[in-house]
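Here this note's numbering is used: the first residue of the sequence shown is 184, the next is one more, and so on. We treat Cβ as the ideally placed atom computed from N, Cα and C, and that holds for glycine. Since we're looking at a predicted model, the values are computed, not measured.
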Amino acid sequence: MGANTMQSSNIKKIAHKLIDQLPDDSTWNDAIYEMVVRREIDLGLADSEAGRTTRVDDVRNGLVITSQFCIPASVRLRPFLNHKSSK
184 MGANTMQSSN IKKIAHKLID QLPDDSTWND AIYEMVVRRE IDLGLADSEA
234 GRTTRVDDVR NGLVITSQFC IPASVRLRPF LNHKSSK
């Protein structure tokens, strides 16, 4: 509970700092995005510190990794059709 209390007391300061760093033409979506990214990073760091992680090899074994996409291995991929664009 101590970490949550400490984090809660700093949330306003962190939010102000994030907003102050945004460009003047930022939108609500920009502000919310930055706060969500910060929250996800903080949650990921907390998971890592608590040992709630997955080995890279285990993640790779569950994915089909191509040069452009990372797709769950459970998804069947049909072959790409080679066709020329009509220009």
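Would you please state the rounded distance, in angstroms, between the beta carbons of residue i and residue j? I believe it to be under 8 angstroms.
i, j, result
"Glu223", "Leu201", "Going by Cβ atoms, the distance from Glu223 to Leu201 rounds to 13 angstroms, so no, they are not a contact pair."
Confirm, please, whether the CB-CB distance from residue j to residue i is below 8 angstroms.
i, j, result
"Leu226", "Ala214", "no"
Nearest to residue i by alpha carbon, out of the options?
i, options, result
"Val219", "Arg243, Ile197, Asp208", "Ile197"
Among residues of its own chain, excluding the 5 on either side of residue i, which ones have a beta-carbon nearer than 6 angstroms to its beta-carbon?
i, result
"Thr236", "none"
"Ala229", "none"
Give me, in chain order, the residues of the same chain whose beta-carbon lies closer than 8 angstroms to that of residue i; leave out the 5 immediate sequence neighbours on both sides.
i, result
"Asp208", "none"
"Arg221", "Ile197, Leu201"
"Glu232", "none"
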